[in-house]
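Novice: The structure that follows is given in the form of structure tokens.
Number of protein chains: 2
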Amino acid sequence: MFNIDNFLHKDMLPGSKKWDGFPAFNFVGGHNDEELVPIKDLENAARKVILENGKILGKYNYTGPLGYLPLRKFVTKKLKQGAKMDCSDEEVLIVSGSLQALDLVNETLLKEGDTVIIEESSYGGVFTRLKQMKVNIKGIPVQEDGMDLSILEETLITLKNQGIFPRYIYTIPTIQNPTGTVMPENKRVDLIKLAKRFNVPIFEDDCYADLIWGEERPPSIRALDDSGRVIYCGTFSKSIAPGLRVGYLVADWAVLSRVLPYKTDAGSGGLEQMVLAEYCEQHFFEHLKTLNKQLEKKSLIMCEALDKYFGNTIEYEKPIGGIYIWISFPEYVDTSLLYSHAMESGVAINPGVEWSIEKESNKKMRLCFANPIQSEIENGIKALAVICQKQFGVPVNIANLN
Amino acid sequence: MFNIDNFLHKDMLPGSKKWDGFPAFNFVGGHNDEELVPIKDLENAARKVILENGKILGKYNYTGPLGYLPLRKFVTKKLKQGAKMDCSDEEVLIVSGSLQALDLVNETLLKEGDTVIIEESSYGGVFTRLKQMKVNIKGIPVQEDGMDLSILEETLITLKNQGIFPRYIYTIPTIQNPTGTVMPENKRVDLIKLAKRFNVPIFEDDCYADLIWGEERPPSIRALDDSGRVIYCGTFSKSIAPGLRVGYLVADWAVLSRVLPYKTDAGSGGLEQMVLAEYCEQHFFEHLKTLNKQLEKKSLIMCEALDKYFGNTIEYEKPIGGIYIWISFPEYVDTSLLYSHAMESGVAINPGVEWSIEKESNKKMRLCFANPIQSEIENGIKALAVICQKQFGVPVNIANLN
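Those sequence lines, one after another, are chains A and B. Okay, so the first sequence: first residue is 1 according to the working numbering, each after it adds one. Okay, so the second sequence: first residue is 1001 according to the working numbering, each after it adds one.
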């Protein structure tokens, strides 16, 4: 019989297991609150655009390879309002989720052996991609106000002395994933100064920036830069729905024109772009208010459950936005082991090693509070505490159990 | 100032030019008839699924990483009916257009220096991808009934003698792109025998198979194979709308499980999948009839225009399906030059060299008749004949002009 293994090169990714549904208590990934998918308004938008403009689906990329023009125009408007960024619709490339933005930038700039600088706790998908490309990663610690710029400076100096020119500094400055930190404006300015001094591009991932709950967000790094060195990406996955695969990459045309040839997918989904453009023009900013109120509420539910069931066994910062809590355990708790045991009981967590290359990542854990409903959060955290106690002896006491 | 060029490796793709709209006479690409995008029924489908099931967009990949289950179920039904193929919904991976299927299979199987076998006239996107990956291409001539199997056999023998194991035989057996040929069932069986004898996987691209106008299509190669060596892909881009980026990859789970880890896009567009599933369940087969009738009509309009304005200067086979005509010029016509001159007059053609590695590809041309309306076909072909005459002296006489 035919055996695919005979045709696979040695260092290929291991095979997938068959999917057997979501766990009962799902605290992983970036799933959002299903009740907040604005189905009524999306339906209205879909009806309108399909009837009025659906014919354009008969062509690939009807409004050009950068994507559906009305959506690009909305993105420029939204970025002006939120990120304080000026850009033209010719500096916006619509992509199939911000993951495609990452792939495109990496394909344009990186080859095996290159070096990049990135927050040492960062988006897991970025680590995976960079490792697969055999790119060297220099990690920078994340402080309460984002990337540690003095260590960044040291790193840039060391690399320069070694004759190594990093291809970019990748950062998630606004509601950092997983730490939830926000880099203030003055620090963003300093980051740009460093990038200029050492002549490094900045790759700013602003995927969670719409989910800042209380205060106004700082201007994006790209908005503060005047040199064209900042490549910026964002997404509608977090603000509207993860199932819609629509994000955007923003850069000067000089840069975008070099990225675009690598987008060989004959365009991102036309219907999703059309529906989003129509929906967002009417409802985006109102929807954000509703969404953020609910996310804040859910974060509080999770914090309460964590405090109740884990007590002072764990440490974390209360989120001010986004959908995650980044949690530290004492050193004798290994979250990769905790992950395995918890999965057996239907509790899914993201162990720190997937989201961080810092030395102590194996005692960290990321939880997403956006998707589960209140009772799932409460029961899931309780179940997790019981598993943790059984495995590692902490928390010593669990409320309502002892 | 920042200059992106300083950060680009030497062998990167050249930058894109700014898009300045579609040409007046657009005979390139795979655009379809805009009037035949079934907007009323798509709108109904969108209304229904968004209201009834839109919440699931709140999760990534609600029905698992293989894609939206109702759509996978429809694909299995459709493939049973058209391609005579049995497959389970766990052997179907929904992808963002069949281009993603190509990328995934290539990423899974190929590395620089590998060898693949492919029809020497084939889909341009495949040549581009393979060249970018620095993969060796062995081209097999296409006869009136598809790939020349005796040359395939010779090639397989030669490669074997050289100790080279081709990674796959890529073929478009049903309405081949660009030649429009259909490989009959007995030849498909022979192709499988060869693939077995030399133990090579087959990659069957069936993207145009729904657009066969008259007779019934032969069973797919995958349907005729019992060894699990055929990886199959298809698309809804050609049957419903190119702007919808939804295709499918079908393979035994043993194979699919190795491909799936390379799909790191967090899922294909959920809304497009949902709308398509609902639409197709109701209307797919009826729609195909309408579409194919219209495509056949347009092909006749183009054939008439070609005969009228080019006379016996050119040679081509009348299409029996699909959206293209593959045309041969006398040897003193260089279609790459013709392409440049025609573009200046707003007539877009695909020169042969983009679609073929055969020796005489520079006197070939591919025209798509699906998108332009009747007057555009007639006026565009006439304009092209005038340009060709001016440049190459043929056709000597142009109807209604001399």
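Heads up, the beta-carbon is just placed ideally off N, CA and C, and yes, glycines get one too. From a predicted model like this one, the values you see are computed outputs, not experimental measurements.
Along the chain, where does the beta strand (DSSP E) containing residue 327(A) start, and where does it finish?
Specialist: On the first sequence, residue 327(A) is found 327 positions in, with the first residue counted as 1. Residue 327(A) -> beta strand (DSSP E) spans 324-328.
Novice: What separation, rounded to the nearest whole angstrom, lies between the Cα atoms of residue 127(A) and residue 265(A)?
Specialist: Here residue 127(A) corresponds to residue number 127 of the first sequence, with the count starting at 1. Here residue 265(A) corresponds to residue number 265 of the first sequence, with the count starting at 1. Whole-angstrom Cα-Cα distance: 24 Å.
Novice: Taking any Cβ of chain B, which residues in the region 239-271 of chain A have a Cβ under 7 Å from it, in chain order?
Specialist: 241, 242, 243, 244, 245, 254, 255, 257, 258, 260, 261, 262, 264, 265, 266, 267, 268, 269, 270 and 271
Novice: My output table needs one value for residue 1186(B): the three-state DSSP class, helix, strand or coil.
Specialist: Your numbering for residue 1186(B) matches position 186 in the second sequence. Residue 1186(B): helix per DSSP, three-state reduction.
Novice: From what residue to what residue does the alpha helix (DSSP H) around residue 224(A) run?
Specialist: For the purposes of this step, residue 224(A) is taken as the residue at position 224 of the first sequence. Residue range 221-224 is occupied by the alpha helix (DSSP H) that includes residue 224(A).
Novice: Which residues, in order along the region 1015-1033 of chain B, keep a beta-carbon less than 9 Å from a beta-carbon of chain A?
Specialist: 1015, 1016, 1017, 1018, 1019, 1020, 1021, 1022, 1026, 1029, 1030, 1031, 1032 and 1033
Novice: Assuming contact is defined by CB atoms lying nearer than 8 Å, are residue 26(A) and residue 372(A) in contact in what I supplied?
Specialist: What you label residue 26(A) is simply residue 26 of the first sequence in a count that begins at 1. What you label residue 372(A) is simply residue 372 of the first sequence in a count that begins at 1. Yes.
Novice: How about residue 1126(B): is its C-beta nearer than 8 Å to some C-beta of chain A?
Specialist: Here residue 1126(B) refers to the residue found at position 126 of the second sequence. Chain A, which has no Cβ nearer than 8 Å to the Cβ of residue 1126(B), makes this no.
Novice: According to DSSP, is residue 20(A) part of a helix, a strand, or is it coil?
Specialist: On the first sequence, residue 20(A) is found 20 positions in, with the first residue counted as 1. Coil at residue 20(A), not helix or strand.
Novice: Nearest by alpha-carbon distance to residue 1244(B): which of 1306(B), 1282(B), 1274(B) and 1151(B) is it?
Specialist: For the purposes of this step, residue 1244(B) is taken as residue 244 along the second sequence, with counting starting at 1. Closest option to residue 1244(B), Cα to Cα, is 1274(B).
Novice: Just checking: is the beta-carbon of residue 1009(B) within a distance shorter than 8 Å of some beta-carbon in chain A?
Specialist: Here residue 1009(B) refers to the residue found at position 9 when the second sequence is read from its first residue. At least one chain A Cβ lies under 8 Å of residue 1009(B).
Novice: Throw me the rounded Cβ distance for the residue 1333(B) and residue 1383(B) pair, which I believe falls under 8 Å.
Specialist: Working through the second sequence from its first residue, we reach residue 1333(B) at position 333. Working through the second sequence from its first residue, we reach residue 1383(B) at position 383. Incorrect: roughly 16 Å between the Cβ atoms, too far for contact.
Novice: What number of angstroms, rounded off, separates the C-alpha of residue 1013(B) from the C-alpha of residue 318(A)?
Specialist: Indexing the second sequence from 1 puts residue 1013(B) at position 13. Indexing the first sequence from 1 puts residue 318(A) at position 318. When rounded, the distance between both Cα atoms is 45 Å.
Novice: Determine the closest residue to residue 136(A) out of 211(A), 151(A), 154(A) and 168(A), with distance taken between C-alpha atoms.
Specialist: As a working note, residue 136(A) is residue 136 in the first sequence. Closest by alpha carbon: 168(A).
Novice: Give the residues from the region 1087-1102 of chain B that approach chain E closer than 8 Å (Cβ to any Cβ), ordered along the chain.
Specialist: Protein chains in the displayed structure are A and B, and chain E is not among them.
Novice: May I ask you to verify whether the region 1037-1054 of chain B touches the region 1384-1393 of chain B, counting CB pairs closer than 8 Å and requiring at least 3?
Specialist: By the Cβ rule, the region 1037-1054 of chain B does not count as touching the region 1384-1393 of chain B, because fewer than three pairs are nearer than 8 Å.
Novice: Taking residue 1136(B) as part of the beta strand (DSSP E), name the residues at either end of that continuous run.
Specialist: Indexing the second sequence from 1 puts residue 1136(B) at position 136. Segment 1136-1140, the beta strand (DSSP E) holding residue 1136(B).
Novice: What's the call for residue 1302(B), buried or exposed, on a 16-neighbour Cβ count within 10 Å?
Specialist: Within the second sequence, numbered from 1, the residue matching residue 1302(B) stands at position 302. The residue is buried, with at least 16 neighbouring Cβ atoms inside 10 Å.
Novice: Using 8 Å as the cut-off, can you tell me whether the region 1095-1102 of chain B makes contact with the region 1242-1261 of chain B, which would need three or more C-beta pairs spanning the two stretches below that distance?
Specialist: Flag = yes, the region 1095-1102 of chain B and the region 1242-1261 of chain B touch.
Novice: So what's residue 1209(B) in DSSP terms, helix, strand or just coil?
Specialist: Along the second sequence, read from residue 1 onward, the residue named residue 1209(B) stands at position 209. Residue 1209(B): helix per DSSP, three-state reduction.
Novice: Given a cut-off of 8 Å on the beta-carbon distance, is the pair residue 1117(B) and residue 1151(B) in contact?
Specialist: Here residue 1117(B) is taken as the residue at index 117 of the second sequence, counted from 1. Here residue 1151(B) is taken as the residue at index 151 of the second sequence, counted from 1. For residue 1117(B) and residue 1151(B), no; Cβs fall outside 8 Å.
Novice: Is the CB of residue 409(A) under 8 Å away from at least one CB in chain B?
Specialist: Shown here, chain A extends from 1 to 402; a query on residue 409(A) therefore has no answer.
Novice: Measuring CA to CA, which of 366(A), 361(A), 290(A) and 44(A) is closest to residue 325(A)?
Specialist: Residue mapping note: residue 325(A) aligns to position 325 of the first sequence, counting from 1. Answer by Cα proximity: 366(A).
Novice: Of all the CB atoms in chain A, is at least one closer than 8 Å to the CB of residue 1170(B)?
Specialist: Start at 1 with the first residue of the second sequence, and residue 1170(B) comes out as number 170. It does not: the Cβ of residue 1170(B) has no partner Cβ on chain A nearer than 8 Å.
Novice: Hey, could you find the ends of the alpha helix (DSSP H) residue 1151(B) is sitting in?
Specialist: For the purposes of this step, residue 1151(B) is taken as the residue at position 151 of the second sequence. Unbroken alpha helix (DSSP H) run through residue 1151(B): 1149-1161.
Novice: Just how far apart, CA to CA, sit residue 279(A) and residue 286(A)?
Specialist: On the first sequence, position 279 is the one that residue 279(A) refers to. On the first sequence, position 286 is the one that residue 286(A) refers to. Per the coordinates, the alpha-carbon of residue 279(A) lies some 11 Å from the alpha-carbon of residue 286(A).
Novice: Based on the DSSP output, what are the partners of residue 1399(B) in its beta bridges?
Specialist: Your numbering for residue 1399(B) matches position 399 in the second sequence. Beta-bridge pairing links residue 1399(B) to no other residue.
Novice: Let's test the definition: count the other Cβ atoms within 10 Å of the Cβ of residue 1029(B) and tell me whether it reaches 16, buried, or not, exposed.
Specialist: Sequence index remark: in the second sequence, residue 1029(B) carries index 29 (1-based). Burial call: buried.
Novice: Which residues in the same chain as residue 1148(B) place their Cβ atom closer than 8 Å to its Cβ, once the five residues preceding and following it in sequence are excluded?
Specialist: The residue labelled residue 1148(B) in the question sits at position 148 within the second sequence. These residues qualify, in order along the chain: 1140, 1141 and 1142.
Novice: Just by C-beta distance, which residues in the region 37-54 of chain A are closer than 8 Å to chain B?
Specialist: 37, 39, 40, 42, 43, 46, 47, 50, 51 and 54
Novice: Could you check how far apart the C-beta atoms of residue 321(A) and residue 208(A) are, in whole angstroms? I think they sit under 8 Å.
Specialist: Looking up residue 321(A) in the first sequence gives position 321. Looking up residue 208(A) in the first sequence gives position 208. So it is a contact: roughly 7 Å between Cβ atoms.
Novice: When you compare only the Cα positions, how much space is there between residue 203(A) and residue 230(A)?
Specialist: Here residue 203(A) is taken as the residue at index 203 of the first sequence, counted from 1. Here residue 230(A) is taken as the residue at index 230 of the first sequence, counted from 1. Rounded to whole angstroms, residue 203(A) to residue 230(A) spans 6 Å at the Cα level.
Novice: Quick one: which unbroken alpha helix (DSSP H) runs of 4-plus residues sit fully inside the region 314-388 of chain A? Chain order, please.
Specialist: 335-344 and 352-355
Novice: Please confirm whether residue 2(A) has its beta-carbon closer than 8 Å to some beta-carbon of chain B.
Specialist: On the first sequence, position 2 is the one that residue 2(A) refers to. Yes, because at least one Cβ of chain B sits closer than 8 Å to the Cβ of residue 2(A).
Novice: Could you pull the DSSP bridge partners for residue 121(A) from this structure?
Specialist: Position 121 of the first sequence, counted from the start, is the residue given in the question as residue 121(A). Per DSSP, 356(A).
Novice: Can residue 1241(B) and residue 1068(B) be called in contact, C-beta distance under 8 Å?
Specialist: Stepping through the second sequence from its first residue, residue 1241(B) is reached at position 241. Stepping through the second sequence from its first residue, residue 1068(B) is reached at position 68. Cβ distance not < 8 Å, so residue 1241(B) and residue 1068(B) don't count as in contact.
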